[in-house]
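Engineer: My structure is below; once you've seen it, I'll send some questions.
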Amino acid sequence: MVRRVRVPQSLVLGLALLLGVAGCSRMPTAPLNQPDAGASGTGGTPAQVLGLLEGGSSSANSKTVVIGILGGVVSVGDFTVLFPSAALTQPATVTVTQPDLNHPVVRLSISPASANHFLLPVLMTANAQRMDKALLSVACISYYNPTTGKWEDLGSTVSILGLTVSTPLWHFSTYRVSSEGKAGW
């Protein structure tokens, strides 16, 4: 005769919750309270290649990090750049620089240059808390086109509640938060 084994629901629910928390703890969307210490350079250890270590260097207005194929996050000043898994085909050194923390302009660079096109878009989010609230609803992120010498608006998402402006990026350049054709705050 077949006997059924009963497993308490609370045990199953607890295990599922534990696995969910443990599984997401190393994702690019994990909380940003991870230590900055780690490996640096482009040596290519397995952990770096997979994007498990966020080593690098930083200053008040600039941060350089090695991003692997599992993605990662780089934040400087008012800007955060999120690489999803599989956005890159190889590890790359990413530098995010906000030259003046009083102005919403950011320079993004990546090395090697062959990595400056992504398989999946990279999400850049700007903290717009200092922007005039009346202009926030029409704010967007603009890209500096070196060929034309002009700023070009990108399709952006504004969060009125979060006071942020976000846009997907397919390559790195110089970007700014703008409203009605002028740099914000």
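In mature numbering (1 follows the signal peptide of the UniProt record, and there is no 0), the protein residues as written are -30 to -1, 1 to 155. All C-beta atoms, glycine included, are put in the ideal place defined by N, C-alpha and C.
Taking DSSP as the reference, what is the three-state secondary structure of leucine 139?
Structural biologist: Numbered from 1 along the sequence shown, position 169 holds the residue referred to as residue 139. Correct three-state label for leucine 139: strand.
Engineer: Would you call the segment 71 to 86 and the segment 135 to 149 in contact, with 3 or more CB pairs under 8 Å?
Structural biologist: yes
Engineer: Between the beta-carbon of threonine 137 and the beta-carbon of glycine 125, is there less than 8 Å?
Structural biologist: By one-based count along the sequence shown, residue 137 stands at place 167. By one-based count along the sequence shown, residue 125 stands at place 155. Yes. Within cutoff.
Engineer: With distances taken Cα to Cα, identify the nearest neighbour of alanine 56 among Val44, Leu78 and Val92.
Structural biologist: Along the sequence shown, one-based indexing puts residue 56 at 86. The option with the nearest alpha carbon to alanine 56 is Val92.
Engineer: Applying the criterion that 16 or more other CB atoms from any shown protein chain within 10 Å of the CB defines a buried residue, is glutamine -22 buried or exposed?
Structural biologist: Position 9 of the sequence shown, counted from the first residue, corresponds to residue -22. Glutamine -22 comes out exposed.
Engineer: Which residues does DSSP pair with phenylalanine 49 in a beta bridge?
Structural biologist: Indexing the sequence shown from 1 puts residue 49 at position 79. Its beta-bridge partners are Val46 and Ala96.
Engineer: Determine whether the beta carbon atoms of tyrosine 102 and serine 112 lie at a separation below 8 Å.
Structural biologist: Taking the first residue of the sequence shown as 1, we reach residue 102 at position 132. Taking the first residue of the sequence shown as 1, we reach residue 112 at position 142. This sequence places aspartate at residue 102; tyrosine is not what is there. Going by C-beta atoms, aspartate 102 is not nearer than 8 Å to serine 112.
Engineer: Helix or strand or just coil, what does DSSP make of serine 84?
Structural biologist: Numbered from its first residue, the sequence shown carries residue 84 at position 114. DSSP places serine 84 in the helix class (H, G or I) of the three-state scheme.
Engineer: Buried or exposed: which applies to glutamine 68, given that a residue is buried once 16 or more other Cβ atoms fall within 10 Å of its Cβ?
Structural biologist: In the sequence shown, the residue the question calls residue 68 occupies position 98. So glutamine 68 ends up on the buried side.
Engineer: Among residues of its own chain, excluding the 5 on either side of leucine 131, which ones have a beta-carbon nearer than 8 Å to its beta-carbon?
Structural biologist: What you label residue 131 is simply residue 161 of the sequence shown in a count that begins at 1. The answer is none, since no qualifying residue turns up.
Engineer: Give me the Cα-Cα distance between leucine 139 and arginine -28, rounded to the nearest whole angstrom.
Structural biologist: The sequence position of residue 139 within the sequence shown is 169, counting from 1. The sequence position of residue -28 within the sequence shown is 3, counting from 1. Looking at the two C-alpha atoms, the distance is approximately 57 Å.
Engineer: Using the Cβ count rule (16 or more neighbours within 10 Å means buried), how would you classify valine 108?
Structural biologist: Here the question's residue 108 lines up with position 138 in the sequence shown. Valine 108 comes out exposed.
Engineer: Tell me the DSSP secondary structure of leucine 78 in three-state form.
Structural biologist: The residue you call residue 78 lines up with position 108 of the sequence shown. DSSP places leucine 78 in strand when its eight states are reduced to three.
Engineer: Can you round the beta-carbon distance between isoleucine 39 and leucine 52 to whole angstroms, since I take them to be within the 8 Å contact cut?
Structural biologist: Residue mapping note: residue 39 aligns to position 69 of the sequence shown, counting from 1. Residue mapping note: residue 52 aligns to position 82 of the sequence shown, counting from 1. Contact between isoleucine 39 and leucine 52 is ruled out by a C-beta separation of about 15 Å, above the 8 Å threshold.
Engineer: Exposed or buried, what is aspartate 70 when buried is set at 16 or more other beta-carbons lying within 10 Å of its beta-carbon?
Structural biologist: Along the sequence shown, read from residue 1 onward, the residue named residue 70 stands at position 100. The residue in question, aspartate 70, is exposed, as its Cβ has fewer than 16 Cβ neighbours within 10 Å.
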